[in-house]
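As C-alpha cells, the structure follows; a few thoughts come after it.
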Amino acid sequence: MSFTKVFLLFLSFVASVSALATPHVHRGLHHRALAGRVPVPAPAPVDLPSVPVRRRSNGKRCRPRSSSAPSFMVGTQSGQGTFYSTGLGACGITNKDSDYIAAVSHLLFDDYPGYGGANSNNNPICGRKVTASYKGKTVTVAITDRCEGCALDDLDFSPSAFQQLADPSLGRIDITWTWN
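For the sequence shown, position 47 (counting from the first letter as 1) is numbered 117 according to this note's numbering, and the numbering increases by one without interruption.
Structure representation (C-alpha cells):
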C-alpha cells in the first residue's frame, strides 16, 4: 500500500474511534417537540432609550423612579408560544403537564432584576404571573422554568396552558402577553 492510502486509512480509524468515544447525551422530549421543526426567527435587538443623568440638588433627596424595570418588561410583549413536557423546572418546582405554567427565555430569566445568577431557585421571576393571548383566547400562567431555545419575548407553555390558547397540533403560535 502507498503511504497516502495507509495515512487515509489511519485517519478514518481515528475518526471512528473518536466518534465512538464521544458521549452522546439524550435529553428526551422537553422543549420543542413539534416546534423544533419550524425555523426560529432571529430575535430583534432591543433598543433601550438612553437616560439622561440627573444630578441631586443640594438639600433635596432624589425621588425614586416610577419603575426600575427595563423597558422590555413593561407593557404588552409579542412573541412565539410553544409547549413542552413539564417536570423539574429551573425554579426548583416539579410541575405536571396539567399545571398552568410557562418557561421564559433564558435571556429574560438570566437578566431578571434581582437575580444574581447563583441559584436559579431564588430568581425573583419564579412564580410571577403572566397573561398570554392568542386570537381572542387568554390564559394566565406562573413562570416556573427557563427556555434555552426561546427568543426574548417567547413563552414555552405546559401542554394544558397551551391548549387553552390553541390546538397543540399547531405547535407554534404568535402570542401577546403581559405581566400581572
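All C-beta atoms, glycine included, are put in the ideal place defined by N, C-alpha and C.
Report yes if the C-beta distance between residue i and residue j is below 8 angstroms; otherwise report no.
i	j	result
N165	T210	no
N193	Y182	yes
G159	T74	no
N191	C220	no
I171	A202	no
S239	D169	no
D180	G186	no
T246	Q147	yes
Buried or exposed for residue i, please, with buried defined as at least 16 other CB atoms from any protein chain shown within 10 angstroms of its CB.
i	result
G151	buried
L99	Model confidence at L99 stands at a pLDDT of 48, short of 50, so the residue's coordinates are unreliable; what they give is reported in the following sentence. Burial call: exposed.
L225	buried
F80	exposed
G149	buried
D237	exposed
D223	buried
S82	exposed
Just tell me which of the options has its CA closest to the CA of residue i.
i	options	result
G145	P113, V200, L177 and A114	V200
Q233	I195, R198 and Y204	Y204
A173	A114, V76, V116 and I195	I195
Y154	V76, C217, T248 and D244	C217
S175	M143, I163 and G184	M143
G206	L177, T156 and I243	I243
S230	S72, D167 and I163	D167
V115	L177, G184, R198 and G241	According to the sequence as given, residue 115 is Pro; it is not Val. Checked all of L177, G184, R198 and G241; the closest Cα to P115 is L177.
In the DSSP assignment, the alpha helix (DSSP H) including residue i goes from what residue to what residue?
i	result
A160	First-last for A160: undefined, no H or E at that position.
In terms of residue numbering, what span does the beta strand (DSSP E) encompassing residue i cover?
i	result
A231	That residue, A231, is in no beta strand (DSSP E); its alpha helix (DSSP H) goes P229 to L235.
D244	I243 to W249
D180	Per DSSP, D180 belongs to no beta strand (DSSP E); it is in the alpha helix (DSSP H), H176 to D180.
A202	K199 to Y204
Identify the residues that DSSP records as bridge partners of residue i: which are they?
i	result
F153	F227
I171	A212
S148	T246
C220	Its beta-bridge partners do not exist; DSSP assigns none.
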